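Residue numbers (the numbering used here): 322 to 857.
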């Protein structure tokens, strides 16, 4: 008899539900942006500094549609055919200035508020890039806060004229973020949006042209040198060419004469500027370079390194090259991308091609992102447990003292940007012989009615930079206002002796000559010129 065996029942297995992919939290992004805004709230009480006066006055009363259109077909500083040309083409930035004028009038508050908003948005995008590239929300938060607090950025945020780099960085970071997403998904819409944002960044400032080389480096490290990489690079290269054509049509550029004429001096300047760019992208300092690293002052207040500094500088170039090779050889692709992109972003302002100034902290807004990214990649490597220990310290924890240091420097630095006098006094504490700082401070004091002290600073400017035509002219104006016409004439002639085409001195001297009855001589000077009232 065969006994029927009961079938063993097995419970049905239901397919496991896929675990939901955690969505990135919004609060770290908001925290970085809020932190950036709080650090620079003091700028909302600031006035206009140096070139800011010209920017605001230049756009005063210009709020029509034709004025907006003109900005996209003209030079950065030029408002009319008789105005001097800067040979820069930055129509998106100038459009933002005109919008500020339309919304707020000449009040500095509106201009500073726009800078503050642009910086907060830029810091938010920097955080998103850190998070995507490092795949570590906590480390990205730490780096985002460090980027927001970096003291080198004070020049970009507190100075209205520093907005060019803010506009450029904002759209370049957005373009880079969409590029990384497009590279991973190959979605045509993302590619198109990334290239469009890249074009907008170029319209903010030409420095973002370095994104073409950054994309090329990323493609090389991630995919190798192949046809696919070239096709992905091509739209960015074409956009750069389009911008170059528009730039040439609207603001033809002629490179200024190189201050460094020998091959050795030229090379040392480039290497020096690259070294300073790396250093001040991470270490607070160098705030006086705003006025000490100009072309006119380079010989006196920004000399090429000598002695120990020269030896260290010469060692920097091979060390940098060796480090890049080791990063690539050990397949530390992120580290190679970050450090290489930082150097690429510095190249346009390194002196490789002569520009209007030798060095400035405002140039570091974009490079500092990449060098902080390199620091984050190094911290990730350092966080791996040692063979003899299971203890590790979270990478973000290493950044806490750095953020505190940066924030303290920035917080104490912002009040110096209250007005011309405050900023230049701060600069002169670090660089007492800065002729341009003495000149700007003299202008500020003259505007406040402190004529005697203004004159002393103009004299000090001449002592630091003999033959300084603008200082000679302003001393002449002060002499003329005091009724000392013979001394004023001497000052005007001295200014023209060093700069024969200096228009204000020609006009002022012609007025004095006419007042004293020397009409023929005055006519020779004023021919073709109008005669505005003098002012320092």
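Even glycine gets a Cβ: it sits at the ideal position worked out from N, Cα and C. Since we're looking at a predicted model, the values are computed, not measured.
Is it buried or exposed for residue i, if we count other Cβ within 10 angstroms and need 16 for buried?
i, result
"residue 366", "exposed"
"residue 350", "buried"
"residue 784", "exposed"
"residue 688", "buried"
"residue 546", "exposed"
"residue 414", "buried"
"residue 762", "buried"
"residue 791", "buried"
"residue 618", "buried"
"residue 433", "buried"
"residue 803", "exposed"
"residue 566", "exposed"
"residue 584", "exposed"
"residue 411", "buried"
"residue 697", "buried"
"residue 822", "exposed"
"residue 543", "exposed"
"residue 375", "exposed"
"residue 508", "exposed"
"residue 506", "exposed"
"residue 659", "buried"
"residue 758", "buried"
"residue 364", "buried"
"residue 819", "exposed"
"residue 709", "Any answer about residue 709 is weak, because its pLDDT of 48 lies below 50 and its placement is not dependable; what the coordinates show is given next. Looking at its Cβ environment, which holds fewer than 16 other Cβ atoms inside 10 Å, residue 709 is exposed."
"residue 748", "buried"
In terms of DSSP beta bridges, what is residue i paired with?
i, result
"residue 394", "None; residue 394 has no bridge partner."
"residue 615", "678"
Give the single residue among the options whose Cα lies nearest to the Cα of residue i.
i, options, result
"residue 534", "808, 766 and 663", "663"
"residue 435", "389, 569 and 487", "487"
"residue 467", "422, 776, 537 and 444", "444"
"residue 598", "627, 569 and 666", "666"
"residue 608", "764, 685 and 496", "685"
"residue 801", "627, 704 and 809", "809"
"residue 457", "758, 694, 745 and 730", "694"
"residue 348", "540, 448, 368 and 528", "448"
"residue 793", "389, 357 and 756", "756"
"residue 678", "521, 620 and 423", "620"
"residue 427", "481, 754 and 660", "481"
"residue 603", "472, 396 and 731", "472"
"residue 573", "520, 751 and 397", "397"
"residue 722", "369, 464 and 363", "464"
"residue 817", "594, 483 and 829", "829"
"residue 571", "605, 524 and 760", "524"
"residue 778", "587, 760 and 691", "760"
"residue 671", "593, 536 and 508", "593"
"residue 489", "360, 740 and 683", "683"
"residue 451", "582, 656, 596 and 795", "656"
"residue 768", "653, 371, 614 and 581", "371"
"residue 826", "807, 747 and 795", "795"
"residue 420", "514, 389 and 408", "389"
"residue 674", "746, 491, 528 and 461", "528"
"residue 610", "751, 835 and 725", "751"
"residue 661", "541, 409 and 732", "541"
According to the Cβ coordinates, are residue i and residue j closer than 9 Å?
i, j, result
"residue 446", "residue 495", "yes"
"residue 625", "residue 579", "no"
"residue 418", "residue 353", "no"
"residue 556", "residue 612", "no"
"residue 669", "residue 837", "no"
"residue 719", "residue 703", "yes"
"residue 813", "residue 797", "yes"
"residue 424", "residue 478", "no"
"residue 459", "residue 717", "yes"
"residue 501", "residue 549", "no"
"residue 844", "residue 831", "yes"
"residue 538", "residue 518", "no"
"residue 735", "residue 485", "no"
"residue 392", "residue 416", "yes"
"residue 360", "residue 470", "yes"
"residue 776", "residue 744", "no"
"residue 920", "residue 737", "The structure shown does not extend to residue 920, since the chain spans only 322 to 857, so no value can be given for it."
"residue 455", "residue 653", "no"
Subject >> Segments assigned alpha helix (DSSP H), at least 4 residues, entirely inside the segment 546-621 >> reply: Counting whole runs of 4 or more residues, the segment 546-621 contains the alpha helix (DSSP H) stretches 548-571, 584-601 and 610-613.
Original post:
Which full runs of the alpha helix (DSSP H) of 4+ residues lie inside the segment 493-530, going along the chain?
Top reply: Listed in chain order, they are 509-525.
Subject >> Uninterrupted alpha helix (DSSP H) stretches inside the segment 766-823 (no shorter than 4 residues) >> reply: 772-785, 790-802 and 806-819
Subject >> Runs of alpha helix (DSSP H) wholly within the segment 714-749 (minimum 4 residues, chain order) >> reply: Counting whole runs of 4 or more residues, the segment 714-749 contains the alpha helix (DSSP H) stretches 716-734.
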